[in-house]
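Q: Numbering (UniProt numbering), first residue to last: 1 to 269.
Glycine is no exception: its CB is placed at the ideal position from the N, C-alpha and C atoms.
Treat the numbers as computed from the prediction; the structure is a model and nothing was measured.
#1: Specify, as a first and last residue, the run of the alpha helix (DSSP H) that residue 24 falls within.
#2: Check residue 172 in the structure and name its three-state DSSP category.
#3: Which parts of the UniProt domain "ORC1/DEAH AAA+ ATPase" (23-169) are runs of the alpha helix (DSSP H), unbroken and 4 residues or longer, counting only runs that do not cross its ends?
#4: Quick one: measure Cβ to Cβ for residue 193 and residue 228, integer angstroms, because I've assumed they're closer than 8 Å.
#5: Exposed or buried, which one is residue 17 when buried takes at least 16 other CB atoms within 10 Å?
#6: Answer with buried or exposed for residue 14, where buried requires no fewer than 16 other C-beta atoms within 10 angstroms of its C-beta.
#7: Please specify which runs of the beta strand (DSSP E), each continuous and at least 3 residues long, are wholly inside the segment 206-263, giving them in chain order.
#8: Between which two residues does the beta strand (DSSP E) holding residue 195 run?
#9: In its own chain, which residues sit with a C-beta less than 6 Å from the C-beta of residue 263, not counting the 5 before and 5 after it?
#10: Do residue 26 and residue 189 come within 7 Å of each other at the CB atom, strictly closer than that value?
#11: Sorted by chain position, which residues of the same chain lie with C-beta nearer than 6 Å to residue 225's C-beta, five sequence neighbours on each side aside?
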């Protein structure tokens, strides 16, 4: 994910939103259609691509882990995704484990740079923000558990989900009254889509020229098919490359894109 990640305007807006929630120690709701990049932005913000393996497969430390400690110390964030069958008890246990392990890693970094000494270690919590992805899966009891943790531990909270999330949680007044920010994550705009397409063209050794008729037609076709959906765009280009390789083609044309799209299951974006 690190190599493919593209910093879009929506990602910057998400970062500003997450920073505001974290600073204000409040609750934020982030919602948007499937595939627009909500989870990617959350993973990037929490440095989860670096930290996931270390926090999941807890064991002996390595020298290279110092980079992970530093990343977690910068983000002070835990990203959690409940499963479909996650019970409130499992939610509590998994969150306790993730917060404790992340705090240990942050503390290791702070000790290494001399910001705290071993004598001052008290197993304190260093996490400032908890991001819960796929939050539509949460049951009322799980929401109440998160609200209680927010009240007791003073940890900021972001819930990520599909459009309508803000209406769903409005049925829980005690929780909803604590929401400080709501952020709508939108599909790629025209300029950003063109920027992303230029990156994909370069990855295939091509140059995209919007003034060229063939390229302009290709851009229009991709825009129509994906409607700015980042995930669909990422799925489409490996198929474009495959069609070009099989047919020994050198140009990304409208026909190539249509053939590539025909191999995908494309729902409503």
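A: Walking through what the data contain:
#1: 9-24
#2: coil
#3: 38-46, 48-56, 65-75, 88-112, 140-153 and 165-169
#4: 6 Å
#5: buried
#6: buried
#7: none
#8: Per DSSP, residue 195 belongs to no beta strand (DSSP E); it is in the alpha helix (DSSP H), 190-203.
#9: 239
#10: no
#11: 261
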